[in-house]
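Chemist: At position 334 of the first sequence the residue is numbered 314 (this note's numbering), and the sequence of numbers has no breaks.
Cβ coordinates follow ideal geometry from the N, Cα and C atoms, glycine included.
Computed from a predicted model, the values in this text were never measured in an experiment.
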Amino acid sequence: MRMTNLFLQTLREFPSDAEVMSHKLLVRAGYIRKLTNGVYNYLPLMWRVLKKIENIVREEMDNAGAQEMLMPFVQPAELWQESGRWDVYGKELMRLKDRHNREMCLGPTHEEVITSVAREGIHSYKQLPVNLYQIQSKFRDEIRPRFGLLRGREFIMKDAYSFDADEKGLDKSYEIMAEAYKRIFERCGLETKMVQSDSGAIGGSVSHEFMVLVNEKAENNAGENDVFYCTKCGYSANSNHAVSILKEAVTDGGFNKAEILDTPNTHSIEELSAFLKVSSSVICKCLIYVVDGKYVGALIRGDKTVEETKLMNAFQGNDVRIASSGEIEEIMANSGFNAVAGFIGPEGLKNIEFVADETVKELKNFVVGINQNDKHLVGANWGREVQLPQKIADIRLVEENDKCTECGSDLKVTKGIEVGNIFKLGTKYSKAMNAVFTDKDGQEKPFIMGCYGIGISRTAAAAVERHHDEYGIIWPLSIAPYTVTVVPVSDQDETQLKVAEEIYKKLLDNKIEVLIDDRAERAGVKLKDADLIGIPYRITVGKTIKDNLVEFKNRATGEVINVTPEEAVNKILELFN
RNA sequence: CGGGAUGUAGCGCAGCUUGGUAGCGCACUUCGCUUGGGACGAAGGGGUCGCAGGUUCGAAUCCUGUCAUCCCGACCA
-19 MRMTNLFLQT LREFPSDAEV MSHKLLVRAG YIRKLTNGVY NYLPLMWRVL
31 KKIENIVREE MDNAGAQEML MPFVQPAELW QESGRWDVYG KELMRLKDRH
81 NREMCLGPTH EEVITSVARE GIHSYKQLPV NLYQIQSKFR DEIRPRFGLL
131 RGREFIMKDA YSFDADEKGL DKSYEIMAEA YKRIFERCGL ETKMVQSDSG
181 AIGGSVSHEF MVLVNEKAEN NAGENDVFYC TKCGYSANSN HAVSILKEAV
231 TDGGFNKAEI LDTPNTHSIE ELSAFLKVSS SVICKCLIYV VDGKYVGALI
281 RGDKTVEETK LMNAFQGNDV RIASSGEIEE IMANSGFNAV AGFIGPEGLK
331 NIEFVADETV KELKNFVVGI NQNDKHLVGA NWGREVQLPQ KIADIRLVEE
381 NDKCTECGSD LKVTKGIEVG NIFKLGTKYS KAMNAVFTDK DGQEKPFIMG
431 CYGIGISRTA AAAVERHHDE YGIIWPLSIA PYTVTVVPVS DQDETQLKVA
481 EEIYKKLLDN KIEVLIDDRA ERAGVKLKDA DLIGIPYRIT VGKTIKDNLV
531 EFKNRATGEV INVTPEEAVN KILELFN
């Protein structure tokens, strides 16, 4: 491709509305342009990158025995009502009505549609297993789109769905996908970690996420997930799912009798522990959350943090958030109290179900709120002053240096970008939607399903996040929009132009994806642009051409060597041998 | 939805406090000059200052409302 023909506008400066490096660079280097909030145009260079990733995904999915198809982007409400998700998916589901006032939605995912496809098409165990996938734009009306392609509202996703006759089959399908995913990301030049994860609103039991780990000291927080991993045994999990062995801590408050003390202005655990001169680990923290619109209480040791997804799961909810101060006021009023956050306790709150984290079970002679401002109960014990809730669950956020439950070594934490995930769905959708087949024994059974997603556009952004320097993007060869760019330094020098053209044609003849910067620009502009857009190799034809030498530069390593034009061409051809 | 900020040319910004009818850099057009790391000179084109009201002789500037965008929390590929 000639740069004079390429639809490309690079910017001199970073866009002001971008925060993370992949967003800044993709806009500045002319790959994407925002159309509206969370929705981007993929310009020609970007589209080439996306197609490269798609093709790697296709090859590996096909090799894994999956079959590509394409489902509609617009879906009827009826299917979502069948699965029950029409009412629980929330506002991320973009709902609309057609001219007959029939309710529809833009596909955020395709479990419902694929399940309807399977129930129409698969009737016998002899047709199983099946794995169907598609690569398509998805739309989720995200609460807060951000970070460019890392969290758009419209994004490109590969989604696959497996159907098996039994759990064993699902295990196998799942394993095959896990292996395929490892190869896919590896081929995209991305190191990923497969981590255990919560299975969230999509439902099901087991799930793993593929995380691109981003450097903690990176100047941004492009990695939206915290990943905990064991330094020894390889255990790793998203923070929403990670578990650990609790570190030793003081659990006896040492108060020899139960009494109510004045604790003025102790709104936080820190203030309270300083005031009472006790460890925060002998305080029972009480928090009010809203799960699926219902108020619930959570008890956890004062030195620990509630993991909201775990809390939500403890109540089998779909949605969780902490209660606002106004809501707490309402709850207090309903039970005849008027305490504010910081003085809340589990005793006497009407119509609120509590869950206790495992950490509070051990507490003795501890400190707890009693729903009176500026007062706390000290020396409390379970079954005496305070009742331990029936519901006990792990709702604790793991902390760095907690011990691994598998091997006892230290857990570390790092930021990750989730580029893929795999779920064992089980029969959640097949049962709800009555998608059944006849098994060997003549019985009708629901399909055992799995689903497997890869964010194509996010993967591209993650690659930029992981591979760039102060001059621009450094694409991994496998997903670069072009392999090499040929740059004649001076557009006045006939020899340079002629040699550059010859190299360009030779590479084209060999089916190499090559750019030639034939623009009437000064050298600086062309070289800066070449670095910015991140083409892996650059052949620069300059003054040394009088000695029959050109410059061959590796964008990633910065290595530059002088070679003859023929050698330069050969070095590129060798990449593909 | 809560908290914070910002809307002025394609991009990056100034002007607003103290109202007088819009400017700078880059990009774009033409000419000259220049050609190994985002040159220089000259001459141009492009904006009803997010939108709607209001105050005023007069509003980018003051007031009210509204919309949009960005950042921090809940969503997730």
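If you follow the beta strand (DSSP E) that L267 is part of, which residue opens it and which one closes it?
Modeler: The sequence position of residue 267 within the first sequence is 287, counting from 1. I263 to V271 is the span of the beta strand (DSSP E), which, as asked, contains L267.
Chemist: Nearest to G87 by CA position, among I263, I483 and R133, is which residue?
Modeler: Taking the first sequence and counting its residues from 1, the one referred to as residue 87 is at position 107. Nearest of I263, I483 and R133 to G87, Cα basis: R133.
Chemist: Can you tell me where the beta strand (DSSP E) with P468 in it begins and where it stops?
Modeler: By one-based count along the first sequence, residue 468 stands at place 488. Element bounds for P468: V464 to P468.
Chemist: Can you tell me which residues form a DSSP beta bridge with R75?
Modeler: Taking the first sequence and counting its residues from 1, the one referred to as residue 75 is at position 95. Answer by DSSP bridge pairing, in chain order: C85.
Chemist: Tell me the rounded alpha-carbon separation between L226 and F334.
Modeler: Within the first sequence, numbered from 1, the residue matching residue 226 stands at position 246. Within the first sequence, numbered from 1, the residue matching residue 334 stands at position 354. Their Cα atoms are separated by approximately 22 Å.
Chemist: Please say whether N345 and D242 have beta carbons closer to each other than 7 Å?
Modeler: Mapped onto the first sequence, residue 242 falls at position 262. Mapped onto the first sequence, residue 345 falls at position 365. In this structure, N345 does not lie closer than 7 Å to D242 by Cβ.
Chemist: What are the start and end residues of each continuous alpha helix (DSSP H) run of 4 or more residues lying completely inside the region 100 to 130, in chain order?
Modeler: none
Chemist: Shortest alpha-carbon distance to G349 belongs to which of T339, G277, S410 and M413?
Modeler: Working through the first sequence from its first residue, we reach residue 349 at position 369. Considering only alpha carbons, the answer is G277.
Chemist: Which of helix, strand or coil does DSSP assign to Y215?
Modeler: Here residue 215 refers to the residue found at position 235 when the first sequence is read from its first residue. The answer is coil: DSSP assigns Y215 none of H, G, I, E or B.
Chemist: In the DSSP assignment, what residue or residues form a beta bridge with W362?
Modeler: As a position in the first sequence, residue 362 is number 382, starting the count at 1. Answer by DSSP bridge pairing, in chain order: V366.
Chemist: Note down the Cα distance separating V466 from N35, rounded to an integer number of angstroms.
Modeler: As a working note, residue 466 is residue 486 in the first sequence. As a working note, residue 35 is residue 55 in the first sequence. Computed Cα separation, rounded: 26 Å.
Chemist: Report the rounded CA-to-CA distance for H90 versus A238, giving the unit in angstroms.
Modeler: Position 110 of the first sequence holds residue 90. Position 258 of the first sequence holds residue 238. Rounded to the nearest angstrom, the two C-alpha atoms are 56 Å apart.
Chemist: Check whether the Cβ atoms of A415 and A46 lie closer than 7 Å to each other.
Modeler: The sequence position of residue 415 within the first sequence is 435, counting from 1. The sequence position of residue 46 within the first sequence is 66, counting from 1. With respect to the 7 Å criterion, A415 and A46 are not classified as neighbours on the basis of their beta carbons.
Chemist: Return the bridge partner residues of E48 from the DSSP annotation.
Modeler: For the purposes of this step, residue 48 is identified with residue 68 of the first sequence, where counting begins at 1. For E48, which the question treats as bridged, DSSP gives the partners Y113.
Chemist: So D473 is in the alpha helix (DSSP H); what residue range does that whole segment cover?
Modeler: Taking the first sequence and counting its residues from 1, the one referred to as residue 473 is at position 493. Element bounds for D473: n/a, residue is neither H nor E.
Chemist: Let me know if N(-15) comes out buried or exposed under the rule of 16 or more other beta-carbons within 10 Å of its beta-carbon.
Modeler: Position 5 of the first sequence holds residue -15. That one is exposed.
Chemist: So, using beta-carbon positions, are M191 and V175 closer together than 7 Å?
Modeler: Numbered from 1 along the first sequence, position 211 holds the residue referred to as residue 191. Numbered from 1 along the first sequence, position 195 holds the residue referred to as residue 175. Taking 7 Å as the Cβ cut-off, M191 and V175 qualify as a contacting pair.
Chemist: Pick out the complete alpha helix (DSSP H) segments inside the region 139 to 180, 4 residues or longer, and give them in chain order.
Modeler: For the region 139 to 180, whole alpha helix (DSSP H) runs of length 4 or above, ordered along the chain, are 147 to 167.
Chemist: If we count the other Cβ atoms within 10 Å of its Cβ and call it buried at 16 or more, is K197 buried or exposed?
Modeler: Within the first sequence, residue 197 is the residue found at index 217, counting from 1. Bear in mind that a pLDDT of 46 at K197, under 50, signals an unreliable position, so the number given afterwards is only what the model happens to contain. Label assigned to K197: exposed.
Chemist: Taking the straight line between their C-alpha atoms, what separation do you get for N111 and G273?
Modeler: Translated into positions along the first sequence, residue 111 becomes position 131. Translated into positions along the first sequence, residue 273 becomes position 293. Going by the C-alpha atoms only, they are around 37 Å apart.
Chemist: Which residues share a DSSP beta bridge with H448?
Modeler: Taking the first sequence and counting its residues from 1, the one referred to as residue 448 is at position 468. The partner list for H448 (beta bridge, DSSP) reads I453.
Chemist: Note the first and the last residue of the continuous alpha helix (DSSP H) segment covering P545.
Modeler: Walking along the first sequence from the start, residue 545 turns up at place 565. Its alpha helix (DSSP H) spans residues P545 to L555.
Chemist: Helix or strand or just coil, what does DSSP make of G297?
Modeler: Position 317 of the first sequence, counted from the start, is the residue given in the question as residue 297. In the structure shown, G297 sits in coil (DSSP, three-state: anything other than H, G, I, E or B).
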